[in-house]
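Visitor: This is the structure I want to talk about, given as structure tokens.
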Amino acid sequence: MREEIEVELVNEQGMHTRPAKLFVETAVKFASEIEVSYDGLSANGKSIMGLLGLLAYRGCRLTITATGDDAKAAAEALAGLVRSGFHE
Amino acid sequence: MTIRNVYLFGQGVVPGIVIGRAHLIQGASQYAWNQRHIAPEEGTDELDRLRLAVEASWQQLEDIKEQLAGESKDPGHILEAHQMMLRDAELQASIEKLIISERINAEWAVLRTLGIWEERFLRIENEYIRERFSDLRFVCTRLLRTLSGQSATEVTAPPPDAIIIAQELSPADTILLGRNAVAGLITLRGGKTSHTVIIAKAFEIPTVVGVSRAFEHVGEGDLLVLNGHKGEIIVNPDAKLVSVYRTQSHRLIAKDQALLEKAHLPGMTADGTPVHVLANLDFADEILKAKGHGAEGIGLYRTEFLFMVHEKDIADEQVHYQDVRELLERWPGGGPVTLRTFDLGGDKFPLTAQLAREANPALGQRSLRLALAHPHIFKAQLRGFLRAFALFPHLDLRIMFPLVCSVSEFLTARELLLECYRELCIEGHEVPDTFKIGAMLELPAAMMIADRLARDCQFFSIGSNDLIQYALAVDRGNEKVAHLYRGLHPGILRMVHHAIRAAGEAGIDISICGDLATEPIPALILLGMGLRSFSMPPVFIPYAKDFLRTVHLAEIEELTAHALTLPCADDIEAFMRQSLGHRLQDTFWSEILEK
């Protein structure tokens with residue numbers, strides 16, 4: 303299974319250390335592989351350094367791609383986290 | 118030959134004078150001497166070394182985190198992010214790849230990796246993104262230390278008289294240094310690492326930041342005098358200077374003891390006029406210290422730090438409730454407890470999420486404006502406050518709004534607060550209706566309409582730091598104009614005088630919680646104008662009370678009346694200094710503040 307969702311980074315600091323940490327903490331709860339891409343770069347959604355390396359700030363549109371049995375649930379959970387502004 | 122008496126300047130962020138020996142803490146780049154090529158057969162060993170070092174470093178952070186469990190100044194989420202970075206598969210893969218393909222040792226590979234990331238991060242002109250790089254640098258430095266065989270405590274447990282010098286200090290290092298009672302801290306980077314500064318304040322370690330040339334002028338073991346109030350460092354002071362400072366520092370310690378014993382006496386002048394000396398606090402667990410130092414109330418409880426520690430719960434009412442509840446549980450009563458709603462923005466917290474990039478943040482959407490623009494976040498805080506108030510109906514509880522600019526703005530904020538109050542009553546909370554609502558006066562316009570504001574406010578608190586900055590158009594951090602920042606400017610004194618009179622006529626309390634309260638000459642003039650309540654960091658309270666006991670109100674009123682006729686800050690200062698003579702010199706304040 304493969305699920306792809308595009309979301310906009312709405313929180314002020316963009317993909318900062320804490321949001322990246324929260325993203326990874328959510329991603330590792332799922333068995334699916336998670337890829338996050340932005341501006342031609344793509345990163346492993348279970349790697350904090352990968353996410354930070356996207357250098358994505360507020361207003362950037364990220365594509366979250368989950369591949370695996372729980373792909374749909376994973377992509378939706380992660381997209382929800384990003385949309386909520388990481389609960390900031 | 119050693120060069121004597123080299124003066125270095127930075128920004129003093131935690132006051133106090135200390136003499137000690139320099140202890141340099143290395144940043145990542147200083148581990149470069151360790152780098153070497155390895156033989157092909159060493160590759161596997163090197164990978165093992167790396168893995169062990171990663172796990173050992175991870176465990177060090179875990180230990181620090183455990184030590185901190187339950188403390189309200191717990192920056193646990195940052196330490197957890199650092200742990201996650203240490204174990205990050207991509208970071209490890211990048212280091213491992215360099216070890217094998219370039220045949221270099223683990224230290225070198227860590228440094229190379231850091232360099233690669235640095236290039237990526239620092240290309241971007243965005244403060245938040247640069248902040249992220251600091252986190253990676255903290256993590257890599259820890260890894261390099263472990264690889265070099267330094268234990269976690271070797272670095273952060275220097276001898277007791279050590280004055281630490283570092284490029285920047287991670288929150289984890291600052292906590293360990295604070296626990297190990299180092300004498301002082303100096304960092305080369307400026308005040309932007311606010312977590313570190315706040316931790317240093319909580320541990321009361323005299324600290325100077327932004328001493329950019331410290332490594333050029335200071336060697337390991339050099340004798341240093343650090344003046345955390347003036348932001349001054351003297352490298353290799355001569356015997357005469359050392360003895361001057363040593364005497365001062367000894368006198369301070371002896372006087373400290375004597376004064377602490379008298380700290381519980383009520384604040385008053387020599388003729389018996391009561392003067393309330395209150396505390397400014399950042400953390401709930403400082404309240405016992407404040408009481409021990411003789412605080413007769415809490416004049417300012419800052420709530421911004423919660424937004425840094427609990428970033429993810431920024432809108433969470435429960436966090437505010439818990440924090441205020443912890444504060445009030447520890448307060449034995451007697452005297453007001455004044456909570457200031459969040460005062461974020463401007464230059465203070467580059468890490469917080471609220472800040473949109475503004476061309477001129479000091480004049481932008483900060484403080485109360487930010488709160489009113491985000492009513493759900495603001496209301497969560499207000500509801501949290503009020504729910505905690507319900508548990509302590511017998512206390513003198515107060516809520517104040519910062520940076521109030523107009524009557525209508527104050528009324529808007531007050532209406533939001535009352536809306537929260539009504540909601541909570543309907544929900545069944547028994548919130549007492551005795552709490553007071555007041556305004557911080559820190560804008561010149563607010564000072565000038567103090568008489569009109571006094572009809573709606575139940576108390577005032579003068580925030581002199583912002584007031585002086587806005588009234589004189591001076592950024593204290595800008596060294597080209599910092600000398601123009603003068604609390605004794607007659608324009609400032611007239612505004613303050615107007616506000617004190619307005620409060621008096623309306624019969625409401627007025628207090629001051631800015632730095633002006635801790636400077637003897639301005640404080641006396643304010644006393645002469647009729648101010649009877651001063652709020653300051655707890656460490657100043659015993660000295661302020663002691664000093665007040667040496668002055669007679671009638672004399673101070675006379676001096677103040679004359680001072681207000683003088684044209685310039687310099688004239689006022691010279692006049693007061695001459696009139697007060699030795700009494701001024703005998704105060705601890707002048708020892709810290711004067712040359």
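In the order they appear, the protein sequences are chains C and B. Its first residue numbered 303, the first sequence is counted upward by one per residue in the working numbering. Its first residue numbered 118, the second sequence is counted upward by one per residue in the working numbering. Ideal placement from N, C-alpha and C gives every residue a C-beta, glycine not left out. In this text the structure is predicted, and so the values were computed from the model without any measurement.
One question on the structure: do residue 125 of chain B and residue 328 of chain B come within less than 8 Å of each other, judged by their Cβ atoms?
Guide: Contact flag set, yes.
Visitor: Taking 8 Å as the threshold (beta carbon to beta carbon), is residue 205 of chain B in contact with chain C?
Guide: Cβ-Cβ to chain C under 8 Å: yes for residue 205 of chain B.
Visitor: Below 7 Å on C-beta distance, what does residue 352 of chain C contact in chain B?
Guide: Within chain B, the residues near residue 352 of chain C are 207.
Visitor: Looking only at C-alpha atoms, which of B/608, B/612, B/393, B/493 sits nearest to residue 566 of chain B?
Guide: Of the candidates B/608, B/612, B/393, B/493, the one whose C-alpha sits nearest the C-alpha of residue 566 of chain B is B/612.
Visitor: DSSP puts residue 553 of chain B in a beta bridge; with which residues?
Guide: The partner list for residue 553 of chain B (beta bridge, DSSP) reads B/515.
Visitor: Using the Cβ count rule (16 or more neighbours within 10 Å means buried), how would you classify residue 685 of chain B?
Guide: By the neighbour-count rule (16 or more Cβ atoms within 10 Å), residue 685 of chain B is not buried but exposed.
Visitor: Express the C-alpha separation of residue 556 of chain B and residue 321 of chain B in angstroms, rounding to a whole number.
Guide: Those two C-alpha atoms are separated by around 29 Å.
Visitor: Using only CA atoms, which one of B/416, B/136, B/174 lies nearest to residue 260 of chain B?
Guide: Comparing Cα positions, the closest option is B/174.
Visitor: Which residues bound the beta strand (DSSP E) around residue 561 of chain B?
Guide: Here residue 561 of chain B belongs to no beta strand (DSSP E); instead the alpha helix (DSSP H) covers 561-565.
Visitor: Can you tell me where the alpha helix (DSSP H) holding residue 717 of chain B begins and where it ends?
Guide: Past the boundaries of the shown model lies residue 717 of chain B; chain B is included only from 118 to 712, so the question cannot be answered.
Visitor: Helix, strand or coil for residue 393 of chain B per DSSP?
Guide: Strand.
Visitor: List the residues of chain B whose Cβ lies closer than 8 Å to the Cβ of residue 309 of chain C, in chain order.
Guide: Result: empty, since nearest Cβ-Cβ is about 17 Å, beyond 8 Å.
Visitor: Leaving out five residues on either side along the sequence, give the residues of the same chain with a beta carbon under 6 Å from the beta carbon of residue 283 of chain B.
Guide: Result list for residue 283 of chain B: 142, 304, in chain order.
Visitor: In the structure shown, what three-state DSSP assignment does residue 345 of chain B receive?
Guide: It is coil, neither helix nor strand.
Visitor: What are the partner residues of residue 340 of chain B, as DSSP defines its beta bridges?
Guide: According to DSSP, residue 340 of chain B bridges with B/138.
Visitor: Residue 323 of chain C CB to nearest chain B CB: under 8 Å?
Guide: Cβ-Cβ to chain B under 8 Å: yes for residue 323 of chain C.
Visitor: For residue 456 of chain B, which residues does DSSP report across the bridge?
Guide: Answer is B/418, B/516, bridged to residue 456 of chain B.
Visitor: Between B/330, B/582, B/357, B/325, which lies nearest to residue 348 of chain B when the distance is taken from Cα to Cα?
Guide: Checking every option, the nearest Cα to that of residue 348 of chain B belongs to B/325.
Visitor: Classify residue 184 of chain B as buried or exposed, calling it buried when 16 or more other Cβ atoms lie within 10 Å of its own Cβ.
Guide: Exposed: under 16 other Cβ atoms inside 10 Å.
Visitor: Of the residues B/285, B/289, B/397, B/279, which one's Cα is nearest the Cα of residue 343 of chain B?
Guide: Considering only alpha carbons, the answer is B/279.
Visitor: According to DSSP, is residue 238 of chain B helix, strand or coil?
Guide: In the structure shown, residue 238 of chain B sits in a helix (DSSP, three-state: H, G or I).
Visitor: Please report whether the beta-carbon of residue 500 of chain B lies at a distance below 8 Å from any beta-carbon of chain C.
Guide: Not closer than 8 Å to any Cβ of chain C, the Cβ of residue 500 of chain B fails to qualify, so no.
Visitor: From residue 482 of chain B to residue 361 of chain B, what does the alpha carbon distance come to, in whole angstroms?
Guide: Between residue 482 of chain B and residue 361 of chain B, the C-alpha separation is close to 47 Å.
Visitor: Taking a contact to mean a Cβ-Cβ separation below 8 Å, would you say residue 200 of chain B touches residue 167 of chain B in this structure?
Guide: No, the Cβ-Cβ distance between residue 200 of chain B and residue 167 of chain B is not below 8 Å.
Visitor: Taking the beta carbon of residue 679 of chain B as the centre, do at least 16 other beta carbons fall within 10 Å, making it buried, or is it exposed?
Guide: When all chains shown are included, residue 679 of chain B counts as exposed.
Visitor: Along the chain, where does the beta strand (DSSP E) that runs through residue 327 of chain C open and close?
Guide: Where residue 327 of chain C is concerned, there is no enclosing beta strand (DSSP E), although the alpha helix (DSSP H) it sits in stretches over 319-329.
Visitor: Along chain C, in chain order, which residues have C-beta atoms closer than 7 Å to that of residue 252 of chain B?
Guide: Going along chain C in sequence order, the residues near residue 252 of chain B (Cβ under 7 Å) are 319.
Visitor: So, at 7 Å on beta carbons, what are the nonlocal neighbours of residue 316 of chain B in its own chain, with the 5 sequence-adjacent residues on each side left out?
Guide: Answer for residue 316 of chain B: 190, 288, 291, 292, 295, listed in chain order.
Visitor: For residue 258 of chain B, does the three-state DSSP call read helix, strand or coil?
Guide: Looking at residue 258 of chain B - three-state DSSP - the assignment turns out to be helix.
Visitor: Does the structure place the segment 542-556 of chain B close enough to the segment 592-601 of chain B that three or more beta carbon pairs sit under 8 Å?
Guide: The segment 592-601 of chain B vs the segment 542-556 of chain B: no contact.
Visitor: Quick test of your reading: residue 458 of chain B and residue 527 of chain B, contact by CB under 8 Å. State the CB separation rounded to the nearest angstrom.
Guide: In fact, because the Cβ distance is near 12 Å, the residues do not count as touching under 8 Å.
Visitor: Could you check the C-alpha separation between residue 253 of chain B and residue 400 of chain B for me, to the nearest Å?
Guide: Cα-Cα distance, rounded: 28 Å.
Visitor: Can you check whether the C-beta of residue 349 of chain C is within less than 8 Å of a C-beta belonging to chain B?
Guide: Judged by the 8 Å Cβ criterion, residue 349 of chain C is in contact with chain B.
Visitor: Three-state secondary structure (DSSP) at residue 193 of chain B?
Guide: The answer is helix: DSSP assigns residue 193 of chain B an H, G or I state.
Visitor: What first and last residue would you give for the alpha helix (DSSP H) that runs through residue 527 of chain B?
Guide: 524-543 is the extent of the alpha helix (DSSP H) around residue 527 of chain B.
Visitor: Look at the alpha carbon of residue 657 of chain B and the alpha carbon of residue 351 of chain C, and state the distance between them as a whole number of angstroms.
Guide: Near 44 Å, if we compare the C-alpha coordinates of residue 351 of chain C and residue 657 of chain B.
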